[in-house]
Amino acid sequence: MAIRLIRTDNDPILRKVAKEVTAFDGKLQVLVDDMIETMHNADGVGLAAPQIGVLKRVIVFDLYDEDGPMALINPRFINQCGSQMEEEGCLSLPGRHGIVERPLAVTVQFEDVSGETYEIEGEELLARVLCHEIDHLDGILYIDKVVEDTEKAE
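The numbering used here puts the first residue of the sequence shown at 291, with every later residue one more than the last.
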C-alpha cells in the first residue's frame with residue numbers, strides 16, 4: 291500500500307468524468323488499498339479516485355464506526371429522497387467549507403473489487419458522503435453546490 295498525492299484546487303483532473311471500471315483484478319485492489327490508506331492519512335471520511343489522479347469510477351469511505359472502510363466500484367444512484375443541508379469540506383479543497391443541500395437518504399448500487407453487485411442505503415452523514423464522492427466521479431465539486439459559504443477568515 292502507498293499514500294498517493296491528493297490533487298487540489300484547480301487541478302483539471304478534478305473536473306473530468308471518470309471511466310467505468312471493467313477490469314476487476316489485482317490492480318484494482320491495489321488502487322482501493324492505496325485510496326483507503328491515503329484517505330486515512332489525510333483524516334478524511336471519503337475519497338474518489340480522481341482526487342488521486344485516477345479517472346476510474348471508484349470511491350472509498352470510512353465513517354470510523356464498526357463497519358470500517360468500504361470501497362464502491364461503479365457506484366450509481368437508484369433512489370434519493372428527502373433533503374438535508376449540512377457543512378461540507380473536501381480533501382481536494384483544504385481549508386474551505388460550505389453548506390450544501392443533499393438528499394437525506396440514498397440507495398446506491400455498486401460492485402465490489404471482485405465485480406459482485408450490491409446495494410447500500412445511507413441516511414444523513416452516509417448519504418452526504420456518498421453524494422459528495424460520487425459527484426467527484428462526474429467532475430463535480432461540493433463548491434459547485436454550496437448554498438452558504440462558511441469559510442472563516444484567519
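Cβ coordinates follow ideal geometry from the N, Cα and C atoms, glycine included. Quick caveat: nothing in here was measured; it's all calculated off a predicted structure.
For Leu295, the CB contacts under 8 Å within the same chain, skipping 5 residues up- and downstream, are Ile342, Gly343 in chain order. In the three-state scheme derived from DSSP, where H, G and I count as helix and E and B as strand, Tyr408 is classed as strand.
Under the three-state reduction of DSSP, Asp357 is assigned to coil, being neither helix nor strand. With contacts defined by Cβ atoms closer than 8 Å, Leu337 and Leu304 do not form a contacting pair. According to the DSSP assignment, Arg392 belongs to the beta strand (DSSP E) that extends over 388 to 392. A check of alpha carbon separations from Gln370 across Asp439, Pro393, Pro302 identifies Pro393 as the nearest. Boundaries around Ala338 are those of the beta strand (DSSP E), 336 to 338, since no alpha helix (DSSP H) includes it. Scanning Ala395, Glu378, Thr328, His426 for the CA closest to the CA of Ile368 turns up Ala395.
Per the DSSP secondary-structure output, Gln370 pairs in a beta bridge with Val396. Straight-line measurement puts the Cα of Ala313 at about 37 Å from the Cα of Ile389.
With 16 or more other Cβ atoms inside 10 Å of its own Cβ, Pro340 counts as buried. In this structure, Asp324 keeps its C-beta atom at 8 Å or more from the C-beta atom of Met375.
His330 and Val398 have their alpha carbons spaced roughly 23 Å apart. In the DSSP assignment, the residues bridged to Ile363 are Val348, Glu401.
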